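Heads up: take any position in the sequence shown, counting from 1, add 457, and you land on the numbering used here.
Presented below is the structure to which this report refers.
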Amino acid sequence: MLVTSNNLALVRRYYGVTAARLAGMLDVHPSFISQIEIGHRPLPEGLALKIEQELGLTSERIAKINALSNELNQKTEKR
């Protein structure tokens, strides 16, 4: 799986999708997405796969998202 509970919010924001919109795409309640993102619930494997399909997430895109996140984190730490 490319998307995990640890990177779901980052992936969602990269694609410009709100939690409510993602929930609608997945036919789940928005609070379920929020609970996954804050670590109160695990991300079910089937839902992770559906997110990847809905967003067209590839290993190349996840690598780019992770690289951008790392770059931003490094800039923030230098402040």
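Glycine is no exception: its CB is placed at the ideal position from the N, C-alpha and C atoms.
As the structure is a computational prediction, the values presented were derived from the model and not from experiment.
Query raised in the report: On the three-pair Cβ rule with 8 Å, is the stretch 501-519 touching the stretch 464-482?
Result: yes
Query - Candidates L465, M458, T461, Y471, of which the one nearest L529 by Cα - result: The residue labelled residue 529 in the question sits at position 72 within the sequence shown. L529 has its Cα closest to that of Y471, out of L465, M458, T461, Y471.
Report task. Check G481 in the structure and name its three-state DSSP category. Result -> By one-based count along the sequence shown, residue 481 stands at place 24. G481 falls in the helix class under three-state DSSP.
Requested in this report: Figure out for me which residue from A524, V485, R518, I519 has the closest Cα to the Cα of G503.
Outcome: Position 46 of the sequence shown holds residue 503. Comparing Cα positions, the closest option is V485.
**Report entry** Where T515 falls: helix, strand or coil (DSSP)
**Finding:** Numbered from 1 along the sequence shown, position 58 holds the residue referred to as residue 515. Residue state, collapsed to three classes: coil.
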